[in-house]
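Enquirer: Residue numbering for the sequence shown follows the working numbering, starting at 1232 and increasing by one per position.
For every residue, glycine included, the Cβ atom is placed at its ideal position computed from N, Cα and C.
Please read all numbers here as calculations on a predicted model, not as lab measurements.
Take a look at this one; I'll ask things after.
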Amino acid sequence: MNHSLFLTPTGYGAGLTSVCLGLVRSLDQLGVRVAFCKPIAQHGGLAQQIDPSLLFVNAMQGLTPPDPIPLEKAQRMLANGDIEQLMEEVVTICEESAKDADLLIIEGLVPQKNLPFIVRINTQIANTLDSDVILVAAKNELSELELNQQISLSSNFYGGTRSKKVLGCILNKVGAPAGRIQALMALDDGEVSPIEPVKDLSQLAVFKPKEFRCLGQVRYNPQLLAPRTIDIHQHLDCQILNPNADLNRRVLGVSICARKLTNMLHTLKAGTLVVTPGDRDDILLTACMAVLNGVPLAGILLTGGYMPDKALMNLCQAAFDTGVAIMLVNSNTYRTAQYLDELNSDVPADDNIRMEQVMNAVAESLDVNWFAEHIKVKRTPRLSPAAFRHHLVQSARSQPKTIVLPEGEEPRTIHAAVICAQKQIANCILLGDPEVIKRSAESLSIELPDRVKIVSPQSILNDYVEPIMEMRKHKGITEDTARELLEDTVVLGTMMLALNKVDGLVSGAVNTTANTIRPALQLIKTAPESKLVSSVFFMCLPEQVLVYGDCAVNPDPSAEALADIAIQSGDSAKAFGITPKIAMISYSTGESGIGSDVDKVREATKIAQQKRPDLLIDGPLQYDAASVASVAAKKAPDSPVAGQATVFVFPDLNTGNTTYKAVQRSANVVSIGPMLQGLRKPVNDLSRGALVEDIVYTIALTAIQAQNS
């Protein structure tokens, strides 16, 4: 079997699964073909349920490890003296998992008081597989001396800190408040205690031997513990009073409202779960007023079994229609508070969004350079989704650019701008009323950093009146018309880009695609080598990232236009680290089909090949011939692209948009885009349903385009 890393915790509550999956993500970002295995299942649910680790690694990384051995069976085999048989089954599972991989990550078992044999099984697995061992530790309620002793003692089971097989330890939850592992759910009226400055635990005495390293410190982050409203609903088995409630909202704090109204107003913030007796009509009304003023509360939990009066519920209906959950429990406020404090902090098996955040946080905290040097496995040229997103962020950081966001008052856009500043992806300018933006940020509990610049459109509009009149003089626009055009912040932002005041523009969270693209075509215009503007989507399939063009702009391009789209898409792929192998998609492969549609693709292929002999372009190819090696071997055995295409160019908008939507939804694939190509300066459109993360990656795309323009 190939190189393997066995991860084992030093104690209970170390967060082993999160660290294992974060390490998988980190290595994937390095371009390592990594596999994952949990040979023996261990979870708190029913025995027949799938282990959460396997669910997450499949959903997050597209990996499908074989089913693990049930813990009860392993315990029985151990009691019967069948340890060798147990290890044979473990080896079989691990070898099947490691197939076609460069490196295997193996998740061990978590020690428990009533299962004294756990450590024996962990050591036996590590020895049987000859794996390098990485310990995972969390300080939790331990003192530094106790943590040091725990790590040292755990390492001794595998040969000690000076053993070449025990590589080091990953420290998790660094900086967590002592004795408050459930700090997020601590009933503190929505005010989580500030986190003290994080102490560098890599200086513990256990890390003094050069053979034993601190491989990363994952900082405690209360937001990574944030449950969804549906988790509260399931934990308390409470009644939902409004059927259209959004149960996916995050609970970032809890406000126990059992006192004077004015003494709890400060707790009404984004993500707060308001807990109040059901007969406190004043608090229900106040919470609903906050919701209608733009504060996205996580939910309102009514205790004591008191159902509010029907007339009051009707009065609050407008607030309920925003999606805030109104829940009812029979227990009193004190008991409800106790139940909330008992909520399991583990990531629920169906909460992929939270696990994605956890994995990324772990990946960013690990000593990636050391792993890259130590594992020394052959890197594959593929660019996985995680590696692609990592590449986007790192490339954007390398030459920070300024991106204008015309929809600056839109909450998702504000949040995305803050994230871009925190991660140093780009310097964002929010166009909008400063007071509205600040108020919106405050309602979201977001602090606007200095790197996010707020610009009032009215304060700069006069600077662009004469320039836009000059640019559009062939249309004979007057000063009044120019001012009217510039009232549109997308037009104003486009003028800022045209006059080099910013490096790129991102819009579309509110505006339509046409409203975003039209000003760019009028004021930015196409690049000298381009005859049209087209688009690409980056499709993040489990194994690699593919480029789809054009699925958003041109309804029925001519053969020459289709050739330009292919060339633009190939260059875009190359700019983002994807080796372009361009397939011109049609309903027929090679010379087998006839008809005007396939003839257009055939001609476009020839034009593109003549214009850019440096690019690998072939067509017409059916989708399966372009993407599946076995099909390509039969239908296009001599094609340099068939079976290994990375860029798929569709013959028209109907085909392209339908295919991209079908793949995205049916295969649960994340798509980034559309990214516009062919303009002199980068302008990019968003879906109006875009998530904050989508906006962040589109800003990163735009910044990279600006670097290359």
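Using only alpha-carbon positions, find the residue among 1933, 1313, 1552 that is nearest to residue 1633.
Expert: Relative to residue 1633, the option among 1933, 1313, 1552 whose CA is nearest is 1933.
Enquirer: Output needed for residue 1266: all residues of its chain with C-beta closer than 6 angstroms, excluding positions within five of it in sequence on either side, in chain order.
Expert: 1328, 1329, 1332, 1335
Enquirer: DSSP three-state label for residue 1918, please.
Expert: coil
Enquirer: Tell me which same chain residues have a C-beta within less than 8 angstroms of the C-beta of residue 1723, skipping the five on either side of it?
Expert: 1637, 1662, 1688, 1691, 1692, 1695, 1717
Enquirer: Which word fits residue 1707, buried or exposed, when buried means at least 16 other C-beta atoms lie within 10 angstroms of its C-beta?
Expert: Counting the other Cβ atoms within 10 Å of the Cβ of residue 1707 gives fewer than 16, which makes it exposed.
Enquirer: Unbroken beta strand (DSSP E) runs of length 3 or more, entirely within the segment 1346 to 1391: which are they?
Expert: The segment 1346 to 1391 contains these whole beta strand (DSSP E) runs: 1363 to 1369.
Enquirer: Just reading off the beta strand (DSSP E) that residue 1404 is part of, what are its end residues?
Expert: 1397 to 1405
Enquirer: Could you check if residue 1343 is buried or exposed, using at least 16 other CB atoms within 10 Å of its CB as the buried criterion?
Expert: exposed
Enquirer: Following the continuous beta strand (DSSP E) through residue 1507, name the residue where it begins and the one where it ends.
Expert: 1503 to 1508
Enquirer: Can you give me the Cβ contacts of residue 1902 inside the same chain, cut-off strictly under 6 angstroms, excluding the 5 residues immediately before and after it?
Expert: Closer than 6 angstroms at Cβ, skipping near neighbours: 1768, 1770, 1895.
Enquirer: Roughly how many angstroms separate the alpha carbons of residue 1936 and residue 1913, rounded to a whole number?
Expert: 6 angstroms
Enquirer: Whose C-alpha, out of 1728, 1733, 1677, 1759, is nearest the C-alpha of residue 1750?
Expert: Looking at the Cα atoms, 1728 is the closest of the given residues.
Enquirer: Taking all protein chains shown into account, do 16 or more other C-beta atoms lie within 10 angstroms of the C-beta of residue 1462, making it buried, or fewer, making it exposed?
Expert: buried
Enquirer: Measuring only the C-alpha atoms, how far is residue 1447 from residue 1595?
Expert: 9 angstroms
Enquirer: By DSSP, does residue 1426 sit in helix, in strand, or in coil?
Expert: With a pLDDT of 45 at residue 1426, under the threshold of 50, the modelled position of that residue is not reliable, and no figure is offered here.
Enquirer: Which residues bound the beta strand (DSSP E) around residue 1239?
Expert: Segment 1234 to 1240, the beta strand (DSSP E) holding residue 1239.
Enquirer: What is the C-beta distance between residue 1432 and residue 1456, in whole angstroms, given that I count them as a contact (C-beta under 8 angstroms)?
Expert: Distance from residue 1432 to residue 1456 at the Cβ level is roughly 20 angstroms; contact not present, criterion being Cβ atoms closer than 8 angstroms.
Enquirer: Looking only at C-alpha atoms, which of 1844, 1781, 1867, 1789 sits nearest to residue 1822?
Expert: 1867
Enquirer: Whole angstroms is fine: what's the gap from residue 1251's alpha carbon to residue 1562's?
Expert: Their backbone Cα atoms lie some 38 angstroms apart in a straight line.
Enquirer: Following the continuous beta strand (DSSP E) through residue 1830, name the residue where it begins and the one where it ends.
Expert: Segment 1827 to 1842 is the alpha helix (DSSP H) holding residue 1830; no beta strand (DSSP E) there.
Enquirer: Buried or exposed: residue 1276, going by 16 or more other Cβ atoms within 10 Å of its Cβ?
Expert: At residue 1276 the pLDDT is 48, less than 50, meaning the model places this residue with poor confidence and gives no usable figure here.
Enquirer: Here's the rule: buried if 16 or more other CB atoms are within 10 angstroms of the residue's CB, otherwise exposed. What is residue 1701?
Expert: It is exposed - the Cβ of residue 1701 has fewer than 16 other Cβ atoms within 10 Å.
Enquirer: Whose C-beta lies closer than 7 angstroms to the C-beta of residue 1588 among residues of the same chain, with five residues either side of it excluded?
Expert: 1455
Enquirer: Between 1806, 1789, 1857, which has its C-alpha nearest residue 1818's C-alpha?
Expert: 1857
Enquirer: What separation, rounded to the nearest whole angstrom, lies between the Cα atoms of residue 1942 and residue 1364?
Expert: Because the chain is modelled from 1232 through 1940, residue 1942 falls outside the range shown and cannot be assessed.
Enquirer: From the DSSP secondary-structure annotation, give me the bridge partner or partners of residue 1813.
Expert: Here residue 1813 is bridged, per DSSP, to 1848, 1878.
Enquirer: What's the C-alpha gap between residue 1471 and residue 1240?
Expert: 39 angstroms
Enquirer: Can you give me the start and stop residues for the beta strand (DSSP E) that residue 1906 sits inside?
Expert: Taken as a continuous stretch (DSSP letters only), the beta strand (DSSP E) holding residue 1906 covers 1901 to 1908.
Enquirer: What residues in its chain sit with their C-beta under 6 angstroms from that of residue 1878, if we drop five residues either side in the sequence?
Expert: 1778, 1800, 1801, 1804, 1811, 1813
Enquirer: Return the residue from the list 1683, 1373, 1731 that minimises the CA-CA distance to residue 1639.
Expert: Proximity to residue 1639 across 1683, 1373, 1731 peaks at 1683, based on C-alpha coordinates.
Enquirer: Can you tell me whether DSSP reads residue 1287 as helix, strand or coil?
Expert: helix
Enquirer: Skipping 5 residues on each side, what residues in its chain have a beta carbon closer than 6 angstroms to that of residue 1919?
Expert: Excluding residues within five positions, none has a Cβ falling inside 6 angstroms.
Enquirer: Residues in the same chain with beta-carbon distance under 6 angstroms from residue 1834, minus the five sequence neighbours each way, listed in chain order, please.
Expert: 1790
Enquirer: Roughly how many angstroms lie between the CA atoms of residue 1477 and residue 1352, to the nearest whole one?
Expert: If I take the Cα positions, the gap works out to 43 angstroms.
Enquirer: Helix, strand or coil for residue 1551? Go by DSSP, reduced to three states.
Expert: The DSSP-derived three-state label of residue 1551 is helix.
Enquirer: With distances taken Cα to Cα, identify the nearest neighbour of residue 1282 among 1468, 1520, 1581, 1451.
Expert: 1581
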